[in-house]
Each structure stands twice: as C-alpha cells, then as structure tokens.
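These protein sequence lines are chains A and B, in that order.
So the first sequence is numbered by this note's numbering: it starts at 80 and just counts up by one.
So the second sequence is numbered by this note's numbering: it starts at -19 and just counts up by one.
Ideal placement from N, C-alpha and C gives every residue a C-beta, glycine not left out.
Accompanying notes for the structure given below.
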Amino acid sequence: DGGITQSPKYLFRKEGQNVTLSCEQNLNHDAMYWYRQDPGQGLRLIYYSQIVNDFQKGDIAEGYSVSREKKESFPLTVTSAQKNPTAFYLCASIMTGRDGYTFGSGTRLTVV
Amino acid sequence: ILNVEQSPQSLHVQEGDSTNFTCSFPSSNFYALHWYRWETAKSPEALFVMTLNGDEKKKGRISATLNTKEGYSYLYIKGSQPEDSATYLCASPEMTGGGADGLTFGKGTHLIIQP
Chain A
80 DGGITQSPKY LFRKEGQNVT LSCEQNLNHD AMYWYRQDPG QGLRLIYYSQ
130 IVNDFQKGDI AEGYSVSREK KESFPLTVTS AQKNPTAFYL CASIMTGRDG
180 YTFGSGTRLT VV
Chain B
-19 ILNVEQSPQS LHVQEGDSTN FTCSFPSSNF YALHWYRWET AKSPEALFVM
31 TLNGDEKKKG RISATLNTKE GYSYLYIKGS QPEDSATYLC ASPEMTGGGA
81 DGLTFGKGTH LIIQP
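Right, dumping it as structure tokens:
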C-alpha cells in the first residue's frame, strides 16, 4: 500500500544536539510538507518542497533545515538553534494543489 | 498567513445525535477548503476538498457545505457513532502556488461521542 512513513515515532534529544526526522513516501507525489503541532495550536507549516532539489520556508522555519535530494524523501533536521523543539511533527504530501493531503503518522520529539 | 478559525473547540454529543461545527476563513482570494479527520494515534485523513461556492460534499454520514462569499464551511455528522470521535480540522491554502504552498490549519474541533 502506498503511503508516508515517518521515523522514528518517538525521539529524545539532548539540548544542543541536532536531530533528523525521516519522511519517506511511495505515492509518487511531487510536493511534500513538514508541519509542527503544539498543544492548543493548529498545525503550523515549517518547510515545503514542490520539486526535487527545491524547497521553501514555511511560517516557522527558523531553527530547522530540510533537503529534497530524492522525490520520495524529505528529511527535516531540527538544529540546536530551534529554541523550543519539543513538539509533534507531521510530514505530508500531495500530487496537485487540488488534492487532499496524505499524512504520515508523526514523530514526537522531546528535548531532555 | 491566512486566519482559519474553528468552533467550537470541543463538543460532546450523545450517540445517535446529529451534530455540526464551523470553519471560517478569509473570503478574499479563496482557493480551496479542506476538511480532515484526526483520530487518536492515527494520521489525519482527508475528508473533503471543496472549491466551489455552494458546494456540498458527502461521505457516508458526514457532509460539508461551503460558502466562499461569506467565508465559512459547515461539517455535519448525522447519527453520531463512537467511531466518529476525533479531532476535525479545516484548512485552506493560499491562492498562490496553485494551492500547493501549504495549508493554514484551524485549531480543530475535538468531538467526543458519548454512548
């Protein structure tokens, strides 16, 4: 079955460390997205990519970085510059702008 | 950044009752309105993508309407069942980028169906 795989499900990071969250899709979707969820807030867009080797900042890109070397993969790195990284992170993809998004199951990151 | 708002924030409904909730969004430069269902420990699931004013979409006992002129959409659930318990999200993309520049989400309506 086609879908989006996010790994790991839970991740613990020490302060000052970078950590990379994985997102892989086998849907042949062109566009991929990273969202962050915090309690009491809507999902907020971190970065997105509409095509390989190209990506754009979303609303809360500071302290994050991404790459899109392959169509199937869109990893998110949470850097030590991100002041409040503890959150739930969701990856999503679409074929066209008129489609509903397909989401992964998320990664919960905790800074310890 | 678009302003997408949902109400109520949470809702308790008796099994078998029907219910509805609201999503409001900017009516200017409208492109599309998305509805998602997010069950605990699962991925958000797309319910509807609506683009036309006056449109009504249906999926089983769930339906949605869209008013782009006044900037709101209603989601209706008929005869609520325990499996309808979830958070329902609405979202809208910016008109730029053909709707593929990412969605702005509301905070969601948390629906609990009580047996």
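| Item | Value |
| --- | --- |
| Members of the segment 29 to 57 of chain B near chain A, C-beta cut-off 8 Å | 29, 31 |
| The ligand FMN heavy atom lying under 7 Å from the CB of residue 2 of chain B | For the structure depicted, the ligand FMN is absent and the ligand set is empty, with no information on it obtainable. |
| Cutoff 8 Å: residue 175 of chain A Cβ touching any chain B Cβ | yes |
| For residue 133 of chain A, the first and last residue of its enclosing beta strand (DSSP E) | 133 to 136 |
| Residues from the segment 11 to 29 of chain B in contact with chain A, defined by Cβ distance under 9 Å | 11, 12, 14, 15, 16, 18, 21, 22, 23, 24, 25, 26, 27, 28, 29 |
| Cutoff 7 Å; reference residue 66 of chain B; Cβ partners in own chain excluding five residues on either side | 17, 18, 19, 91 |
| Any chain B beta carbon closer than 8 Å to residue 110 of chain A | yes |
| Reduced DSSP secondary structure (H/G/I, E/B, other) of residue 62 of chain B | helix |
| Terminal residues of the beta strand (DSSP E) in which residue 114 of chain A lies | 110 to 116 |
| Which listed residue (A:108, A:82, A:161, A:94) has its alpha carbon closest to that of residue 191 of chain A | A:94 |
| Beta-carbon separation (whole angstroms), residue 48 of chain B vs residue 7 of chain B, contact threshold 8 Å | 6 Å |
| Cβ-Cβ distance between residue -15 of chain B and residue 4 of chain B below 8 Å | yes |
| Proximal residues of chain B, C-beta to C-beta of residue 178 of chain A below 7 Å | 29 |
| Distance between residue 34 of chain B and residue 13 of chain B (C-alpha atoms, nearest Å) | 12 Å |
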